[in-house]
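Visitor:
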Amino acid sequence: MTVKGKAYIAGAFEHPTRKAIDKSLAQLHAEVAKGALDDAGLTKDDVDGYFCAGDAPGLGGLSMIDYMGLKLRHMDTTETGGSSYVIHVAHAAQAIAEGKCKVALITLAGRPKASGEATGTKPRNYGTDSPDVAFEFPFGPTIVNNYAMCARRHMYEFGTTSEQLAWIKVAASHHAQHNPNAILKNVVTVEDVVNSPMIADPLHRLDCCVISDGGGALVVVAPEIAATLNRPKIRIMGAGEAPKHQMGGHIDLTYSAAAVSGPAAFAEAGIKPSDIKYASIYDSFTVTVLIQLEDLGFCAKGDGGKFVSDGNLISGVGKLPFNTDGGGLCNNHPGNRGGMTKVIEAVRQLRGEAHPAVQVPNCDIALAHGTGGSLGTRHAAGTLILERV
Amino acid sequence: MIMTKLRTIPAPHIDPDTQEYWKGISEGKLLVKYCRSCKSPHYYPRAICPHCGSDDTYFEESSGRGHIYSFSVFRAAPAPYAIAYVTLAGTDISMMTNIVNCDFDALDIGQEVKVCFSETEGDGPPVPTFEPV
Chain A
6 MTVKGKAYIA
16 GAFEHPTRKA
26 IDKSLAQLHA
36 EVAKGALDDA
46 GLTKDDVDGY
56 FCAGDAPGLG
66 GLSMIDYMGL
76 KLRHMDTTET
86 GGSSYVIHVA
96 HAAQAIAEGK
106 CKVALITLAG
116 RPKASGEATG
126 TKPRNYGTDS
136 PDVAFEFPFG
146 PTIVNNYAMC
156 ARRHMYEFGT
166 TSEQLAWIKV
176 AASHHAQHNP
186 NAILKNVVTV
196 EDVVNSPMIA
206 DPLHRLDCCV
216 ISDGGGALVV
226 VAPEIAATLN
236 RPKIRIMGAG
246 EAPKHQMGGH
256 IDLTYSAAAV
266 SGPAAFAEAG
276 IKPSDIKYAS
286 IYDSFTVTVL
296 IQLEDLGFCA
306 KGDGGKFVSD
316 GNLISGVGKL
326 PFNTDGGGLC
336 NNHPGNRGGM
346 TKVIEAVRQL
356 RGEAHPAVQV
366 PNCDIALAHG
376 TGGSLGTRHA
386 AGTLILERV
Chain B
61 MIMTKLRTIP
71 APHIDPDTQE
81 YWKGISEGKL
91 LVKYCRSCKS
101 PHYYPRAICP
111 HCGSDDTYFE
121 ESSGRGHIYS
131 FSVFRAAPAP
141 YAIAYVTLAG
151 TDISMMTNIV
161 NCDFDALDIG
171 QEVKVCFSET
181 EGDGPPVPTF
191 EPV
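So the sequences go chain by chain: A and B. Here the first sequence is numbered in my numbering, starting from 6 and rising by one per residue. Here the second sequence is numbered in my numbering, starting from 61 and rising by one per residue.
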């Protein structure tokens, strides 16, 4: 069964907060849900399917379903970290195609800033039952030094440079200057990035994404519901999901699970990378973008450094406008999970509702890609291809 | 003299199926899990081979030699340290570790290293770290 043409994204909402000291986690989830339903022209009573991941408080989705007073016939709490919400859109489309629900609500929220978490630089312990922890946690694996090892290996194998990686941040900053909600609104240069403090070499401070509170929500609906709504029609063309891990010790840090999820999504959509007018690419770090662009087929493996240079990712300048909201690198990375905002900006572009300074002309086909977990150990990728009809 | 703050290493949690591995570490031996069915080594050690699914697995002592596959020095940490993947000599498997007793600025991919054992907090066993040859 294919999801092509079987479901539409009717509602999308990004919470404007970046530091939510005065709001609870449950409240943030409920606020983004309300925002996305308002955007679609629907209410909570229309929702019959709910999707959330590990950021939702309580057991699975149960506490949030209770808090929001939802009456459902379908639930899915697939947890793949930051890519969860990209995968949720695909799972919602599958559920809709099978008749399991007609209006699917997906929420994400987090408040790492308010709670003062050192999310990128503190070694993460997933608990002693996690079989890998004894063989990794003693060595101080953090999000940033894991991705740094990927960057180092990519540089070694393909000659990628810090200056090339810096271009990714430069492009994001060119977009973020037009986003009043962005945390980092100043345009930066390649020199700014490579001269910023070294965090975990070869990654500098400006190679890293922001840490922010907030969240976002999406409403995915059946075609007959989309037909009744007064919103642009954003249809799902194709989707792919895949995990990648250490393969029993056969470590290869030069590619990601996008090498599997990307081709699957393009095959289902029946299009090729050159047909994509706009791409939302997961950007926990600059190197995350580089590796995924190669894996998704926008350029050959190893050519990512050349591909991203000289403003090629800047809207109105380059061939592949990316993350026109400023992305996780400059705008927002709510709850350390960037997949939701990737889908939201792709929807804005397809609707023609991005900021005029970054809106891609005639944007009829877009891609949103997420990675959850760590490229340096184990992660899951989700790729979504959307069209305006 | 530059005083370098030393990072304390958390003790590993020992499971029933990894007891033999950690006993080896405590005796100064780096054990690698092999599979009799597909003849392949794997890391980290499991009861069931992740390559072929056989439960006929056994430990074999490694030479403790290897080379750096990739690494990163966490410069911003209160006590900077080098995380790395080291590929074990004579195998195609790599393990996460720390490179210790080294000049952080002189580390390189491909560099030859040998196992050494670093103490951990509390009563836990040491962990296998590597140092330049």
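We put the CB at the ideal spot given by N, CA and C, even for glycine. Owing to the predicted nature of the structure, the values given are computational and were not obtained by experimental measurement.
(1) To which residues of the same chain is A/Ala-177 closer than 6 angstroms at the C-beta, ignoring the five residues directly before and after it?
(2) Evaluate B/Met-61 with the Cβ neighbour count: other Cβ atoms within 10 Å of its Cβ, from every protein chain shown; 16 or more gives buried, anything less gives exposed.
(3) Starting from A/Glu-36, trace the alpha helix (DSSP H) both ways and give me its first and last residue.
(4) Take the Cβ of A/Tyr-131 as the centre, count every other Cβ of all protein chains shown within 10 Å, and call the residue buried at 16 or more, exposed below.
(5) Output the distance between the C-alpha atoms of A/Ser-266 and A/Arg-129, rounded to the nearest integer angstrom.
(6) Looking at the strands, I want to know which residues DSSP matches up with B/Tyr-118.
(7) Can you pull the chain B residues whose beta carbon is under 8 angstroms from the beta carbon of A/Thr-124, in chain order?
(8) Going residue by residue through the stretch 333–375 of chain A, where are the continuous alpha helix (DSSP H) segments of at least 4 residues, counting only ones entirely within it?
(9) Measure the alpha-carbon distance for B/Ile-143 versus A/Pro-146 and round it to whole angstroms.
(10) Just how far apart, CA to CA, sit A/Arg-383 and A/Ala-247?
(11) In its own chain, which residues sit with a C-beta less than 6 angstroms from the C-beta of A/Thr-291, not counting the 5 before and 5 after it?
(12) Closer than 7 angstroms by C-beta to B/Met-63: which residues in its own chain qualify, once you throw out the five before and the five after it? Chain order, please.
(13) Since B/Ala-149 meets chain A, which of its residues come closer than 9 angstroms, beta carbon to beta carbon?
(14) In the DSSP assignment, find the alpha helix (DSSP H) that holds A/Val-294 and state where it starts and stops.
(15) Are there 16 or more other CB atoms within 10 angstroms of the CB of B/Glu-181, so buried, or fewer, so exposed?
(16) With 16 as the cutoff for other CB atoms within 10 Å, does A/Met-6 come out buried or exposed?
(17) Grab me the residues of A/His-20's own chain with a C-beta within less than 6 angstroms of its C-beta, minus the 5 sequence neighbours each way, in chain order.
(18) Please state if the CB of A/Asn-151 and the CB of A/Leu-380 are separated by a distance shorter than 8 angstroms.
(19) Since I believe A/Gly-66 is in contact with A/Ala-97 (beta carbons under 8 angstroms), could you give me their beta-carbon distance rounded to a whole number of angstroms?
(20) Answer yes or no: the CB of B/Pro-110 versus the heavy atoms of the ligand ZN, is any distance below 7 angstroms?
(21) From A/Ser-261 to A/Lys-249, what does the alpha carbon distance come to, in whole angstroms?
(22) Quick check on B/Thr-117 - is its C-beta less than 8 angstroms from some C-beta in chain A?
(23) What residues from the stretch 150–162 of chain B come within 9 angstroms of chain A, judged by C-beta to C-beta, listed N to C?
(24) Given this structure, state the Cα-to-Cα distance separating B/Pro-186 from B/Ile-108, to the nearest angstrom.
(25) With H, G and I counted as helix, E and B as strand and the rest as coil, what does DSSP make of A/Phe-18?
(26) If you count every other CB in all the chains shown that lies within 10 Å of the CB of A/Ser-217, and 16 or more means buried, which is it?
(27) Considering only the alpha carbon of each residue, which of A/Arg-353, A/Glu-168 and A/Asn-341 lies closest to A/Ala-119?
(28) Please determine, among A/Val-394, A/Cys-106, A/Val-363 and A/Leu-389, the residue with the shortest C-alpha to C-alpha distance to A/His-183.
(29) Are three or more beta carbon pairs between the stretch 279–289 of chain A and the stretch 366–374 of chain A nearer than 8 angstroms?
(30) Quick check: is the beta carbon of A/Ile-256 nearer than 8 angstroms to any beta carbon in chain B?
Guide: So, to answer that:
(1) What you label residue 177 of chain A is simply residue 172 of the first sequence in a count that begins at 1. Counting only Cβ-Cβ distances below 6 angstroms, and skipping sequence neighbours, we find Asn-328, Gly-331, Gly-332, Leu-334 and Cys-335.
(2) The residue given as residue 61 of chain B occupies position 1 in the second sequence. Bear in mind that the predicted position of B/Met-61 carries a pLDDT of just 37, short of 50, making it unreliable; the figure below should be weighed with that in mind. Taking a 10 Å sphere around the C-beta of B/Met-61, we find fewer than 16 other C-beta atoms and assign the residue as exposed.
(3) Within the first sequence, numbered from 1, the residue matching residue 36 of chain A stands at position 31. Run containing A/Glu-36: 30–45, per the alpha helix (DSSP H) assignment.
(4) Taking the first sequence and counting its residues from 1, one reaches residue 131 of chain A at position 126. Exposed.
(5) To locate residue 266 of chain A, count along the first sequence from 1; it is residue 261. To locate residue 129 of chain A, count along the first sequence from 1; it is residue 124. Near 26 angstroms, if we compare the C-alpha coordinates of A/Arg-129 and A/Ser-266.
(6) For the purposes of this step, residue 118 of chain B is identified with residue 58 of the second sequence, where counting begins at 1. Secondary-structure assignment with DSSP links B/Tyr-118 through a beta bridge to B/Tyr-94.
(7) What you label residue 124 of chain A is simply residue 119 of the first sequence in a count that begins at 1. The premise fails here: A/Thr-124 is roughly 14 angstroms from chain B at the closest Cβ pair, so nothing lies under 8 angstroms.
(8) For the stretch 333–375 of chain A, the full-length alpha helix (DSSP H) segments reaching 4 residues or more read 344–356 along the chain.
(9) On the second sequence, residue 143 of chain B is found 83 positions in, with the first residue counted as 1. On the first sequence, residue 146 of chain A is found 141 positions in, with the first residue counted as 1. Put simply, the backbone Cα of B/Ile-143 is about 7 angstroms away from that of A/Pro-146.
(10) Along the first sequence, one-based indexing puts residue 383 of chain A at 378. Along the first sequence, one-based indexing puts residue 247 of chain A at 242. If I take the Cα positions, the gap works out to 11 angstroms.
(11) Start at 1 with the first residue of the first sequence, and residue 291 of chain A comes out as number 286. Correct list, in chain order: Leu-170, Ile-173, Lys-174 and Asp-212.
(12) Mapped onto the second sequence, residue 63 of chain B falls at position 3. With a pLDDT of only 44 at B/Met-63, under 50, the local geometry of the prediction cannot be trusted, and no value is derived from it.
(13) Translated into positions along the second sequence, residue 149 of chain B becomes position 89. Here the premise fails: no neighbours, minimum Cβ distance about 13 angstroms.
(14) By one-based count along the first sequence, residue 294 of chain A stands at place 289. First-last of the alpha helix (DSSP H) with A/Val-294: 291–300.
(15) In the second sequence, counting from the first residue as 1, residue 181 of chain B sits at position 121. Per the 10 Å Cβ criterion, exposed.
(16) In the first sequence, residue 6 of chain A corresponds to position 1, counting from 1. Taking a 10 Å sphere around the C-beta of A/Met-6, we find fewer than 16 other C-beta atoms and assign the residue as exposed.
(17) If you number the first sequence from 1, residue 20 of chain A lands on position 15. The beta carbon of A/His-20 sits closer than 6 angstroms to those of Val-37, Gly-219 and Gly-220, all from its chain and outside the five residues before and after it, given in chain order.
(18) Position 375 of the first sequence, counted from the first residue, corresponds to residue 380 of chain A. Position 146 of the first sequence, counted from the first residue, corresponds to residue 151 of chain A. Result yes, Cβ atoms of A/Leu-380 and A/Asn-151 sit closer than 8 angstroms.
(19) Locating residue 97 of chain A in the first sequence gives position 92, counting from the first residue. Locating residue 66 of chain A in the first sequence gives position 61, counting from the first residue. 13 angstroms between Cβ atoms; not a contact.
(20) By its list of ligands, the structure shown contains no ligand whatsoever, and the ligand ZN lies outside what it can speak to.
(21) Here residue 261 of chain A corresponds to residue number 256 of the first sequence, with the count starting at 1. Here residue 249 of chain A corresponds to residue number 244 of the first sequence, with the count starting at 1. Their Cα atoms are separated by approximately 7 angstroms.
(22) The count along the second sequence starts at 1 and reaches residue 117 of chain B at position 57. No, B/Thr-117 does not count as interfacial toward chain A.
(23) Within the stretch 150–162 of chain B, those residues whose Cβ lies closer than 9 angstroms to any Cβ of chain A are, in chain order, Thr-151, Asp-152, Ile-153, Ser-154, Met-155, Met-156, Thr-157 and Asn-158.
(24) The residue you call residue 186 of chain B lines up with position 126 of the second sequence. The residue you call residue 108 of chain B lines up with position 48 of the second sequence. Going by the C-alpha atoms only, they are around 25 angstroms apart.
(25) As a working note, residue 18 of chain A is residue 13 in the first sequence. DSSP, reduced to helix, strand and coil, places A/Phe-18 within a strand of the structure shown.
(26) By 1-based counting over the first sequence, the position of residue 217 of chain A is 212. Here A/Ser-217 is buried. Its C-beta has 16 or more other C-beta atoms within 10 Å.
(27) Counting from one through the first sequence, the residue named residue 119 of chain A turns up at place 114. Out of A/Arg-353, A/Glu-168 and A/Asn-341, A/Asn-341 has the C-alpha closest to the C-alpha of A/Ala-119.
(28) In the first sequence, residue 183 of chain A corresponds to position 178, counting from 1. Here the closest residue by C-alpha is A/Val-363.
(29) Counting Cβ pairs under 8 angstroms, three or more are found: they touch.
(30) Taking the first sequence and counting its residues from 1, the one referred to as residue 256 of chain A is at position 251. Chain B, which has a Cβ nearer than 8 angstroms to the Cβ of A/Ile-256, makes this yes.
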